[in-house]
Amino acid sequence: VGVITLRISQLSQATTAARRLQDVLLPHPADRAPGTEPLPATGDLTAEGVGHSADGHLILAPVDLTVRPGELVAVTGPTGSGKTTL
């Protein structure tokens with residue numbers, strides 16, 4: 001009986017946590033001001049030769065990048081490699 005009670009308690013906690021995540025992660029259309037709905041993507045985003053340096057140190061080497069509408073881009077790399085700068 002104790003194990004069943006423990007599992008029910010854990011399930012209840014997991015359900016509550018899932019609801020909280022849902023509230024944070026899912027969009028809330030009612031929170032948008034009228035006329036601020038996102039527009040459909042209609043063109044490419046292109047960066048050619050984009051780089052950055054700070055205090056004489058190269059932070060981001062020149063990068064060429066094209067992202068088309070609907071594409072998902074993941075930028076990975078070690079700390080200090082320029083992900084946030086990009």
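With the first letter of the sequence shown counted as 1, position 8 gets the number 8 in the UniProt record's numbering; the numbers rise by one all the way through. Even for Gly, the Cβ is constructed at its ideal location relative to N, Cα and C.
Should residue i and residue j be called a contact, given that it needs their Cβ atoms to be closer than 8 Å?
i, j, result
"G49", "P62", "yes"
"G70", "A47", "no"
"V67", "L45", "yes"
"H52", "L65", "no"
Less than 6 Å between C-beta atoms, sequence neighbours within five positions excluded: which residues of the same chain meet that for residue i?
i, result
"P34", "none"
For residue i, report the span of its alpha helix (DSSP H) as first-last.
i, result
"G2", "G2 to L25"
Can you tell which of the options has the C-alpha that lies nearest to the C-alpha of residue i?
i, options, result
"residue 87", "L11, G80 and T15", "Because the chain spans 1 through 86 in this model, residue 87 falls outside it and cannot be assessed."
"L58", "T85, Q22, I8 and L72", "T85"
Excluding sequence positions up to five away, which residues of its chain have a Cβ less than 8 Å from the Cβ of residue i?
i, result
"K83", "V75, T76 and G77"
Considering only residues of the same chain and omitting the five flanking positions on each side of residue i, which have a CB-CB separation below 7 Å?
i, result
"Q10", "none"
At what residues does the beta strand (DSSP E) containing residue i begin and finish?
i, result
"S53", "L45 to A54"
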